[in-house]
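Beneath this line is the structure, given in structure tokens, with notes to follow.
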Amino acid sequence: MLAFQFGIGFLHAQFLGGQLKSTNFLYPSGTIHCDPQKITAVVEVTNPITGRTWMDRNLGAERAATSSTDALAFGDLYQWGRGADGHQCRNSGTISTISVLDQPGHDDFILVPTSSLTDDWRNPKNNSLWQGVNGINNPCPTGFRVPTAAEFTSERQSWDSNNLQGAYKSVLKLTLSGFRERDTGVVSLVDVDGKTYGMLWTSSVVTNADEAQFLVYWSGNAFINPYPRSRGYAVRCIKN
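Have a look at this one:
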């Protein structure tokens with residue numbers, strides 16, 4: 003058993019398959035940390051306009067961003083609704099078998115081809131995942147959760163400009179974190195239109211589709227948009 007000390011307490015952990023499985027009170031039991039030496043610290047920042055408190059970095063990030071292209075601040079890429087089971091690691095393996103469970107029982111990123119009848123890594127879909135601080139598969143530390151679309155909209159409306167520049171200048175210091183494609187598992191910063199994006203999941207679902215809402219921003223704009231839950235996006239946690 004290993005023990006890592008942080009300014010907010012001790013982390014007791016064990017290695018599992020080259021990654022780190024947390025038994026610390028800060029992160030949910032069974033959390034897989036992609037870099038055992040650089041577990042994401044829990045540092046709070048508060049937006050004086052919205053009054054909401056957030057983690058100052060994405061889950062999986064080594065530090066708060068020093069620029070919008072700071073790769074050490076990009077963090078991990080989660081399929082919507084999955085826990086931190088290791089699939090979120092940017093170099094995790096892939097599997098083509100869609101899960102019928104909330105916890106697939108492996109650390110692979112689940113590939114969902116565009117020709118599939120579902121756009122979700124889970125079939126049937128479960129709209130109850132990631133709902134609230136006690137929600138199923140909430141990947142955030144104790145007292146934090148995945149934000150709603152409305153909460154991200156409030157943050158966005160407080161920015162100096164509704165684009166990448168405003169996103170980075172905000173208290174959240176958001177980065178161009180990229181995504182992981184659902185049908186190939188390829189990690190990319192540039193989408194098919196040639197633009198470089200920052201993308202962050204919300205907990206809000208599209209009830210009549212296998213989609214969920216996410217915040218997207220780039221040099222020209224920022225807004226909330228729906229997309230298939232099988233794609234991999236970064237997660238920024240909000241305090242409950």
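Residues are numbered in this note's numbering as their position in the sequence shown, beginning at 1, plus a constant of 2.
We treat Cβ as the ideally placed atom computed from N, Cα and C, and that holds for glycine.
Contact under 7 Å by Cβ, THR198 with VAL189: no
Beta-carbon proximity of SER200 to TYR229, cut-off 7 Å: The displayed chain sequence assigns Gly, not Ser, to residue 200. Cβ distance not < 7 Å, so GLY200 and TYR229 don't count as in contact.
4-residue-minimum alpha helix (DSSP H) runs that sit fully inside the stretch 150-195, ordered along the chain: 151-159, 166-171
Extent of the continuous beta strand (DSSP E) to which PHE225 belongs: 224-230
Start and end residues, beta strand (DSSP E) containing TRP82: Looking at the DSSP string, TRP82 is not in any beta strand (DSSP E), and its letter there is neither H nor E.
Euclidean distance between Cα positions of ILE226 and LYS40: 30 Å
Spatially closest choice to GLU157 from LEU202, THR144, ALA75, ARG182, by CA coordinates: LEU202
Top-ranked residue by Cα proximity to ASN242, from GLU213, VAL148, VAL207: VAL148
Pairwise C-alpha distance: LEU176 and GLY222: Within the model, the alpha-carbon separation for GLY222 versus LEU176 is close to 15 Å.
Whether SER232 touches ARG184 by CB criterion (7 Å): At the C-beta level, SER232 and ARG184 come within 7 Å of one another.
Segments assigned alpha helix (DSSP H), at least 4 residues, entirely inside the stretch 104-150: None, since the stretch 104-150 contains no complete alpha helix (DSSP H) of that length.
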